[in-house]
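Participant:
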Amino acid sequence: MIYDLHSHSTASDGMLSPEQLVKRAVERRVDVLALTDHDTTAGLQAGWQAIAADDLPLTLISGVEISCSWEGMEIHIVGLGFDEQHPTIRALLDAQAERRRVRAEGIAAKLEKIGIHSALEKAQALAEGGAVTRAHFARVLKADGVVDKLDTAFKKYLRKGKRAYVSPGWCSIEQAIEAIQGAGGVAVVAHPTKYQISWKWVRKLLESFAGWGGDAVEVAMTQQMPNEKRKLADLAVEFGLLASQGSDFHYPESWVELGKNLWLPSGIDPIWQRWEAQK
Ligand code: MN
Ligand code: MN
Ligand code: MN
2 MIYDLHSHST ASDGMLSPEQ LVKRAVERRV DVLALTDHDT TAGLQAGWQA
52 IAADDLPLTL ISGVEISCSW EGMEIHIVGL GFDEQHPTIR ALLDAQAERR
102 RVRAEGIAAK LEKIGIHSAL EKAQALAEGG AVTRAHFARV LKADGVVDKL
152 DTAFKKYLRK GKRAYVSPGW CSIEQAIEAI QGAGGVAVVA HPTKYQISWK
202 WVRKLLESFA GWGGDAVEVA MTQQMPNEKR KLADLAVEFG LLASQGSDFH
252 YPESWVELGK NLWLPSGIDP IWQRWEAQK
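Under this note's numbering, the residue at position 80 of the sequence shown is numbered 81, and the numbers go up by one with no gaps.
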């Protein structure tokens, strides 16, 4: 069984529609996929419909990736297996959408000041009605020839401390956990090694998260340093967290692929044991 519990569609900053995404997951032999768009569940219905229409051999579970503020940083909390209509998750995601809208306007205003025009309209066009994220602004900067790589757009403009950065004021991690669990789901710390923080801070993050009643941490990712899985698994065990795994797939590229390189080291319990137990 291949579980990929972190992926994106055009409902946020992914480049495949939910229909295309579930079809690709089947091609990559994924058995269980979670669609975890940034602060939105808008893509789920289309994904389930595509599976039902073609009777695809794939289980799609509800998911979301919530941007949270913690210690002056942006930390991502993934929610899995919740009722996406439940009032606790709806209220939180509505508030996040409003924060995201205000932030996008702020970023566009800063870009305007340095001579990059109509960035909001262009980002909105790329988002096709979905949530506008910094990744959309990165694509605008690349398309306009301001930068030659998406990564450079973040490094020079969109990252904290850079010219077009706007502090988002996201919800807290505790609020995210409460909303996800209130809707019957599990809360997972996303990609703990991708925040550019030391292991000391990763430990502090996981310890706090466990203290607030969080459920799991992503231990296996597609791109990982050789010893990272082991280190994350050991920390998860230490703080009583379960393990999750996901590709964080956004679009077809050489390094990241649905279901790729996703396996857990020994001695750690996977988050899906919870669901299996409930059956
Ligand atoms: Mn993204
Ligand atoms: Mn993330
Ligand atoms: Mn993600």
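In this text, a Cβ means the ideal position worked out from N, Cα and C, and glycines have one as well.
Given the structure is predicted, the values throughout are model-derived calculations rather than measurements.
Just to confirm my understanding: we take residue 196, look at its own chain, exclude 5 residues before and 5 after, and list those with CB closer than 7 Å. What are they?
Facilitator: Locating residue 196 in the sequence shown gives position 195, where the first residue counts as 1. Excluding positions up to five away in sequence, the list reads 74 and 76.
Participant: Determine the extent of the beta strand (DSSP E) in which residue 33 is found, giving its start and end residues.
Facilitator: As a first step, residue 33 must be located in the sequence shown, where it is residue number 32. Counting along the chain, the beta strand (DSSP E) containing residue 33 begins and ends at 33 to 36.
Participant: For residue 11, tell me which candidate among 58, 151 and 126 has the shortest Cα-Cα distance.
Facilitator: Taking the sequence shown and counting its residues from 1, one reaches residue 11 at position 10. Nearest C-alpha to residue 11: 126.
Participant: Answer yes or no: do residue 138 and residue 105 have a C-beta to C-beta separation smaller than 9 Å?
Facilitator: Locating residue 138 in the sequence shown gives position 137, counting from the first residue. Locating residue 105 in the sequence shown gives position 104, counting from the first residue. Yes.
Participant: May I ask you to list the residues that DSSP assigns as paired with residue 18?
Facilitator: Start at 1 with the first residue of the sequence shown, and residue 18 comes out as number 17. Answer is none; residue 18 lacks a bridge partner.
Participant: Near residue 62, what residues of its chain come up, given a Cβ to Cβ distance below 7 Å and the 5 sequence neighbours on each side ignored?
Facilitator: As a working mapping, residue 62 is identified with position 61 in the sequence shown. Once the five neighbours on either side are set aside, the close Cβ partners of residue 62 are 33, 35, 81 and 82.
Participant: Can you name the start and end residues of the alpha helix (DSSP H) that residue 8 belongs to?
Facilitator: Looking up residue 8 in the sequence shown gives position 7. Run containing residue 8: none; DSSP gives neither H nor E here.
Participant: For residue 63, which beta-bridge partners are listed by DSSP?
Facilitator: Counted from its first residue, the sequence shown places residue 63 at position 62. DSSP output for residue 63 lists 36 as bridge partner(s).
Participant: Would residue 216 pass as a contact of residue 187 if the rule is Cβ separation under 9 Å?
Facilitator: Working through the sequence shown from its first residue, we reach residue 216 at position 215. Working through the sequence shown from its first residue, we reach residue 187 at position 186. For residue 216 and residue 187, yes; Cβs fall inside 9 Å.
Participant: Let me know the secondary structure DSSP gives residue 246 once reduced to three states.
Facilitator: Stepping through the sequence shown from its first residue, residue 246 is reached at position 245. Looking at residue 246 - three-state DSSP - the assignment turns out to be strand.
Participant: Any idea if residue 50 is buried or exposed, counting beta-carbon neighbours within 10 angstroms, 16 or more meaning buried?
Facilitator: The residue given as residue 50 occupies position 49 in the sequence shown. By the neighbour-count rule (16 or more Cβ atoms within 10 Å), residue 50 is not buried but exposed.
Participant: Look at the Cβ atom of residue 243, then the Cβ atom of residue 275, and state whether they are nearer than 9 Å.
Facilitator: Numbered from its first residue, the sequence shown carries residue 243 at position 242. Numbered from its first residue, the sequence shown carries residue 275 at position 274. In contact: residue 243 and residue 275 (Cβ atoms closer than 9 Å).
Participant: Please check the pair residue 247 and residue 40, which I expect to be a contact at CB under 8 Å, by giving their CB distance rounded to whole angstroms.
Facilitator: As a first step, residue 247 must be located in the sequence shown, where it is residue number 246. As a first step, residue 40 must be located in the sequence shown, where it is residue number 39. In fact, because the Cβ distance is near 17 Å, the residues do not count as touching under 8 Å.
Participant: Is any non-hydrogen atom of ligand 5 found closer than 8 Å to the C-beta of residue 14, if you look at the structure I gave you?
Facilitator: Absence of ligand 5 from the depicted structure is noted, with ligand 1, ligand 2 and ligand 3 being the only ligands included.
Participant: Would you check whether ligand 3 has a heavy atom nearer than 8 Å to the C-beta of residue 37?
Facilitator: Counted from its first residue, the sequence shown places residue 37 at position 36. Yes.
Participant: If we ignore side chains and look at the alpha-carbon of each, how far apart do residue 130 and residue 268 end up?
Facilitator: As a first step, residue 130 is located in the sequence shown; it is residue number 129 there, counting from the start. As a first step, residue 268 is located in the sequence shown; it is residue number 267 there, counting from the start. The alpha-carbon atoms of residue 130 and residue 268 are separated by roughly 43 Å.
Participant: DSSP state of residue 219, grouped into three classes?
Facilitator: By one-based count along the sequence shown, residue 219 stands at place 218. Reduced to three states, the DSSP call for residue 219 is strand.
Participant: Excluding the 5 residues preceding and the 5 following residue 14 in the sequence, name in chain order all residues of the same chain whose CB lies nearer than 7 Å to its CB.
Facilitator: Here residue 14 corresponds to residue number 13 of the sequence shown, with the count starting at 1. Here the set comprises 39, 134, 136, 137 and 251.
Participant: Can you determine whether any heavy atom of ligand 2 sits closer than 8 Å to the C-beta of residue 77, and answer yes or no?
Facilitator: The sequence position of residue 77 within the sequence shown is 76, counting from 1. Yes, the beta carbon of residue 77 sits closer than 8 Å to at least one heavy atom of ligand 2.
Participant: When the Cα atoms are used, what is the spatial distance from residue 169 to residue 158?
Facilitator: Position 168 of the sequence shown, counting from 1, holds the residue named residue 169. Position 157 of the sequence shown, counting from 1, holds the residue named residue 158. Spanning the two alpha carbons is a distance of roughly 15 Å.
Participant: With a CB to CB cut of under 7 Å and the five nearest residues on each side skipped, what residues in its chain are close to residue 52?
Facilitator: Taking the first residue of the sequence shown as 1, we reach residue 52 at position 51. For residue 52, where only same-chain residues beyond five positions count, the Cβ hits under 7 Å are 23, 59 and 61.
Participant: Can you give the Cα-Cα distance for residue 200 and residue 67, rounded to whole angstroms?
Facilitator: Taking the first residue of the sequence shown as position 1, residue 200 is located at position 199. Taking the first residue of the sequence shown as position 1, residue 67 is located at position 66. Between residue 200 and residue 67, the C-alpha separation is close to 22 Å.
Participant: I'd like the ranges of any alpha helix (DSSP H) spanning at least 4 consecutive residues and lying wholly in the region 164 to 236.
Facilitator: Listed in chain order, they are 174 to 183 and 200 to 212.
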